[in-house]
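If you want this note's numbering, it's the 1-based position in the sequence shown plus 109.
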Amino acid sequence: MRNSVPKHILFLCLSVFSLLIYTFPTFAKTESIQLPVPGQGVKKALLASLIGDDKYPAIVFMHGGAIRDKGVSTSSLNSRLSNFASLGFIVLAPVRDTKKGCCNGDEAIMEGIATANQSSEYLASLPNVDKSRICLVGFSEGALISMWVMSEPNNFSSAVIMSPSNQCGMKRAGSKNYCGAKLIESGKVQKVTKNVIVTLGDEDRKPHQKTANGFSKLLGTKTEIMKGNHKSFLKPRKDISAVVLEHCLK
110 MRNSVPKHIL
120 FLCLSVFSLL
130 IYTFPTFAKT
140 ESIQLPVPGQ
150 GVKKALLASL
160 IGDDKYPAIV
170 FMHGGAIRDK
180 GVSTSSLNSR
190 LSNFASLGFI
200 VLAPVRDTKK
210 GCCNGDEAIM
220 EGIATANQSS
230 EYLASLPNVD
240 KSRICLVGFS
250 EGALISMWVM
260 SEPNNFSSAV
270 IMSPSNQCGM
280 KRAGSKNYCG
290 AKLIESGKVQ
300 KVTKNVIVTL
310 GDEDRKPHQK
320 TANGFSKLLG
330 TKTEIMKGNH
340 KSFLKPRKDI
350 SAVVLEHCLK
């Protein structure tokens, strides 16, 4: 009787062999581009590209209100772009520039919706982007914007909504018509048919909790609760990377 190789050893050998022959995409660079947005002027955007002849999945990343409202340096976006690119995505992060001021949330969110949609159009025009897999990822104000985008006709395949802001209070970026409660009441969220996942920190404040859980309930999904507060989502996280890989490749 011939000696047989245990199945777990054979599986391990095949896995190692597969890793050896598979060519992972190489992160090339992050560059600044000019993105014309109809009705909103020209926006600065950061583009993280990959080296290779294949067609890669892509991400549009919508930043939070601090970069727009407080003038935080866009260099803070570089680590986020590098992280997503290392996962095998071409990444575009448009920079919103609605002026700082009280109660300008309607203007800020309308700017964001138009900018996100134009960003997907730009990525779809690139020869190395898989048009069928352009994912929208948003944080805080960018997450609220992303949920509005997904509730209307769009070209995104899926979305990851990270710790969405509410913005219903009439202060800072308070929004009369586009706050989280208005979207929940609109009847649009429950009509979303694309894959959308909502994440939340276990130390997030009540407005974020209410908004995130309200979205998830209407989507018929469960909010993914992760450790940390709202600001913990500002930097790359392994758990978010795992969520992005799982949901943005569907």
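Positions of the beta carbon are idealized from the N, C-alpha and C atoms, including for glycine.
Computed from a predicted structure; not experimentally measured.
For residue i, which beta-bridge partners are listed by DSSP?
i, result
"residue 255", "Partner(s): none; residue 255 has no beta bridge."
"residue 333", "308"
"residue 247", "171, 270"
"residue 165", "238"
"residue 56", "Here the chain comprises residues numbered 110 to 359, so residue 56 is not present and cannot be evaluated."
Just the Cα atoms here: how many angstroms apart are residue i and residue j?
i, j, result
"residue 320", "residue 289", "6 Å"
"residue 283", "residue 217", "10 Å"
"residue 337", "residue 145", "36 Å"
"residue 312", "residue 162", "43 Å"
"residue 169", "residue 188", "15 Å"
"residue 165", "residue 139", "16 Å"
"residue 339", "residue 353", "18 Å"
"residue 345", "residue 193", "9 Å"
"residue 258", "residue 267", "11 Å"
"residue 359", "residue 253", "22 Å"
"residue 131", "residue 147", "Any reading at residue 131 must be qualified, since the residue scores a pLDDT of 38, below 50, and its modelled position is unreliable; the value itself is stated next. Each residue's Cα considered, the two are about 41 Å apart."
"residue 348", "residue 335", "8 Å"
"residue 205", "residue 143", "12 Å"
"residue 248", "residue 322", "15 Å"
"residue 152", "residue 298", "28 Å"
"residue 197", "residue 246", "15 Å"
"residue 236", "residue 325", "35 Å"
"residue 270", "residue 301", "14 Å"
"residue 341", "residue 186", "14 Å"
"residue 141", "residue 201", "10 Å"
"residue 135", "residue 156", "15 Å"
"residue 173", "residue 149", "18 Å"
"residue 137", "residue 215", "37 Å"
"residue 291", "residue 190", "31 Å"
"residue 327", "residue 296", "9 Å"
"residue 171", "residue 203", "7 Å"
"residue 318", "residue 304", "20 Å"
"residue 77", "residue 316", "Past the edges of the chain, shown from 110 to 359, lies residue 77, and the structure says nothing about it."
"residue 240", "residue 357", "12 Å"
"residue 176", "residue 207", "10 Å"
Which term fits residue i, buried or exposed, when burial requires 16 or more other beta carbons within 10 angstroms of its beta carbon?
i, result
"residue 243", "buried"
"residue 351", "exposed"
"residue 331", "exposed"
"residue 314", "exposed"
"residue 262", "exposed"
"residue 308", "buried"
"residue 272", "buried"
"residue 294", "exposed"
"residue 306", "buried"
"residue 160", "exposed"
"residue 355", "exposed"
"residue 329", "exposed"
I believe residue i touches residue j by the beta-carbon criterion, under 8 Å. Please report the beta-carbon distance rounded to the nearest angstrom.
i, j, result
"residue 255", "residue 233", "Contact doesn't hold; Cβ gap of about 17 Å is too wide."
"residue 229", "residue 275", "About 25 Å separates the two Cβ atoms, so there is no contact after all."
"residue 221", "residue 251", "7 Å"
"residue 158", "residue 199", "6 Å"
"residue 238", "residue 167", "5 Å"
Regarding residue i and the ligand GTP, is the C-beta to nearest heavy atom distance less than 7 Å?
i, result
"residue 268", "The ligand GTP is not part of the structure shown, which contains no ligands of any sort."
Q | Completely contained beta strand (DSSP E) runs for the stretch 137-161, where each covers 3 or more residues | A | Runs of the beta strand (DSSP E) spanning 3 or more residues and lying entirely within the stretch 137-161 occur at 150-160, in chain order.
Q: Would you list, in sequence order, the uninterrupted beta strand (DSSP E) runs of no fewer than 3 residues that lie entirely inside the stretch 167-236?
A: As far as the stretch 167-236 is concerned, its whole beta strand (DSSP E) runs of at least 3 residues are 199-203.
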